[in-house]
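This report concerns only the one structure given below.
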Amino acid sequence: DTDQYLSTGWAGRYLNHQYPNYPIGFPNDEMPDPLALQIGSVLSPVFLSPTGFDALAIDESLNFYNLIDAIQDPTPNTPSGVELTYLRTVAKQTNRYAEVIKAAAAKVTQQSPYPADNYLAAQLKAVAKLVAGGLKTKIYMVSMGGFDTHAGQVNGGNPLTGNHSGLLKQVSDAITAFMADLKFLGVSNRVLGMTFSEFGRRMQSNGSLGTDHGAAQPVFLFGESVKQGILGKNPDIPVNTQAIDNVPMQYDFRSVYSTILRDWFCLPPKDVDTVLLKNYQYLPVIKSTACNMNMEELNNLGDNLIINYPNPFTSSTTITFKSSGGHVLVQVFDTTGRKMATLTDQVYVAGTYSLVFDSGALASGVYYARLQNGSLQQVRPMLKVR
């Protein structure tokens, strides 16, 4: 909501929910590939999780460079040494991921045509190659700029001409080629696509044949598992509309995320609410068969060392954790990193244990339960509601 500031993104929270130990112990036999990939040089905040970025950035050429050399001096026992150890771990991990990405790309030697001089198409071509090459990566992100059309959005008032029309044609051509390529490669049933933007547009021209930033926008879903049709209706534009007026919202964009998490990634509804920090409207846009493809695999993703129930909760929740034996520390933090409670700090024999967290007068919102057991650590998001 507009009065709340979060330090994580919805995709990052989802990946953290599925793979709570990441990046420790990854890649591994269960998940040998990157959790998420973004084509580009800078990762989007959408991939931020409570433990950092859960994605890897690459370019559309799929070329890589060794990030570390053979020098691995021992790190000092200082705060900076801890950070250096983490950086080295991520660097080694990235190099290992580079090898599996290159191996997947090398398996695909022929693809169907893509339009030339279309940067979005070039990115989607790389994604299709990696999907067909067998990567188990859950989320891919590509991007295209130029939609901030404050001027020249149309030519002479004709909506079929101008910058916006040209941009939409590039998007259409790229997606058309992408879906044709996926079908050619035999993996079109494994992909669902969604568009999103950091801002919408206003409904009235600003006087420069353009529009200013707005609060609403259309969202496109595409793929074989998407139900055909349009959800919602064209907005009615009053005759006295001004350039500052927004298009009325019909659906909360987070409802789209919620539906994808439930009907494509097959998360149980209570886990969807945990990831999105709130319950959102369900939208009937994905075919019911989508979650039946790999249910056995989906049910065995990650190792939940710490969980809580109920979640969301109103005043108290039971936190259950697994101990492999030895010292166990369970603490609760708020979203700013402040420690709110220490629930246990002692030695346990191997087994499963439960503790009750009474939130008392704490404000509603997101909190994180953190388990530390020897070299293992895991963070669990919890949502307190009124």
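To convert, count from 1 in the sequence shown and add 59; that's this note's numbering.
Positions of the beta carbon are idealized from the N, C-alpha and C atoms, including for glycine.
### Message
Which of the three DSSP states is assigned to Ala366 in this structure?
### Response
Contrary to the premise, residue 366 reads as Ile rather than Ala in this sequence. Strand, per DSSP.
### Query
Within 10 angstroms of its Cβ, does Pro294 collect 16 or more other Cβ (buried), or is it exposed?
exposed
### Message
Given this structure, state the Cα-to-Cα distance separating Ile296 from Arg261, to the nearest angstrom.
### Response
11 Å
### Residues near Thr67 by beta carbon distance below 7 Å, same chain, minus five either side
Leu107, Ser108 and Pro109
### Task
Kindly indicate which residue of Pro343, Met441 and Leu414 has the alpha-carbon position closest to the one of Val425.
Met441
### For Ser202, the nearest candidate out of Pro138, Ser100 and Trp323 (CA to CA)
Per the Cα distances, Ser100.
### Message
Please identify the residue among Ser413, Met238 and Phe258 whose C-alpha is closest to the C-alpha of Val250.
### Response
By alpha-carbon distance to Val250, the top candidate from Ser413, Met238 and Phe258 is Met238.
#### Entry: Residues bridged to Arg429 (per DSSP)
Gln390 and Val438
### Query
Looking at the unbroken beta strand (DSSP E) that takes in Gly245, where does it start and where does it end?
Note, Gly245: premise wrong, no beta strand (DSSP E); not H, not E.
### Message
If I follow the unbroken beta strand (DSSP E) through Gln97, where does it start and stop?
### Response
Ala95 to Ile98
### Query
In terms of residues, what are the limits of the beta strand (DSSP E) holding Ile117?
Leu115 to Ile117
### Query
If we count the other Cβ atoms within 10 Å of its Cβ and call it buried at 16 or more, is His386 buried or exposed?
exposed
### Query
CB-CB under 6 Å to Ser171, same chain, minus the five flanking residues each way: which ones, in chain order?
Ala239, Asp240 and Phe243
#### Entry: Bridge partners - Ile289, DSSP secondary structure assignment
In DSSP, Ile289 forms no bridge with anything.
### Query
What's the C-alpha gap between Val334 and Glu158?
31 Å
### Query
To which residues of the same chain is Tyr178 closer than 7 Å at the C-beta, ignoring the five residues directly before and after it?
Met203
### Task
Leaving out five residues on either side along the sequence, give the residues of the same chain with a beta carbon under 8 Å from the beta carbon of Asn214.
Thr220, Gly221 and Leu268
#### Entry: C-beta contact flag for Ile98 and Gln182 at 7 Å
yes
### Query
Based on Cα-Cα distance, which residue from His223, Phe206, Ala349 and Ser383 lies nearest to Gln431?
Ser383
### Any chain B beta carbon closer than 7 Å to Gln263
Reference to chain B is not applicable here, since this structure consists of a single protein chain.
### Message
Mapping the DSSP letters down to three states, classify Met352 as helix, strand or coil.
### Response
Confidence at Met352 is low in this model, with a pLDDT of 46, below 50, so its placement is unreliable and no value can be given for it.
### Query
Which runs of the alpha helix (DSSP H) fall wholly inside the segment 294-335 and span at least 4 residues, in chain order?
Listed in chain order, they are 312-322 and 328-335.
### Query
beta strand (DSSP E) containing Val408: first to last residue?
First-last for Val408: undefined, no H or E at that position.
### Task
Thinking Phe206 and Leu226 are a contact (beta carbons under 8 Å), I'd like their distance in whole angstroms, please.
6 Å
### Query
Can you name the start and end residues of the alpha helix (DSSP H) that Lys188 belongs to?
Tyr178 to Ala191
### Where the beta strand (DSSP E) containing Tyr73 begins and where it ends
Where Tyr73 is concerned, there is no enclosing beta strand (DSSP E), although the alpha helix (DSSP H) it sits in stretches over Trp69 to Gln77.
### Task
Rounded to whole angstroms, what's the CA-CA distance from Arg155 to Tyr316? Just pull it up for me.
Distance between the alpha carbons of Arg155 and Tyr316: 30 Å.
### Query
Excluding the five sequence neighbours on either side, which residues of its own chain have a C-beta within less than 6 Å of the C-beta of Thr163, listed in chain order?
For the sequence presented, residue 163 should be read as Ala rather than Thr. Closer than 6 Å at the Cβ level, and outside the excluded window around Ala163, lie Leu189, Gly192, Gly193 and Leu194.
### Query
Closest by CA to Leu290, which one among Leu364, Pro86, Asn338 and Leu342?
Looking from the CA of Leu290, the closest CA among Leu364, Pro86, Asn338 and Leu342 belongs to Leu342.
### Query
Quick one: Cα of Ile117 to Cα of Ser418, how far?
42 Å
### Query
For Lys166, which three-state DSSP category applies?
Residue state, collapsed to three classes: coil.
### Task
Kindly list the residues whose CB is nearer than 6 Å to the CB of Val186, restricted to its own chain and excluding five residues on each side of it in sequence; keep chain order.
Excluding sequence neighbours, Val186 sits near Tyr199.
### Contiguous beta strand (DSSP E) assignments of at least 3 residues, all confined to the segment 190-232
The qualifying runs are 198-200.
### Query
Within 10 angstroms of its Cβ, does Tyr368 collect 16 or more other Cβ (buried), or is it exposed?
exposed
### Query
Is the beta carbon of Gln263 less than 7 Å from the beta carbon of Ala302?
By the CB criterion at 7 Å, Gln263 and Ala302 fall inside the cutoff.
### Query
For Leu357, which residues from the same chain have a beta carbon less than 6 Å from its beta carbon, with the 5 sequence-adjacent residues on both sides left out?
Only weak support is given to the placement of Leu357: the predicted model assigns it a pLDDT of 33, under 50, and the question is left unresolved by the model.
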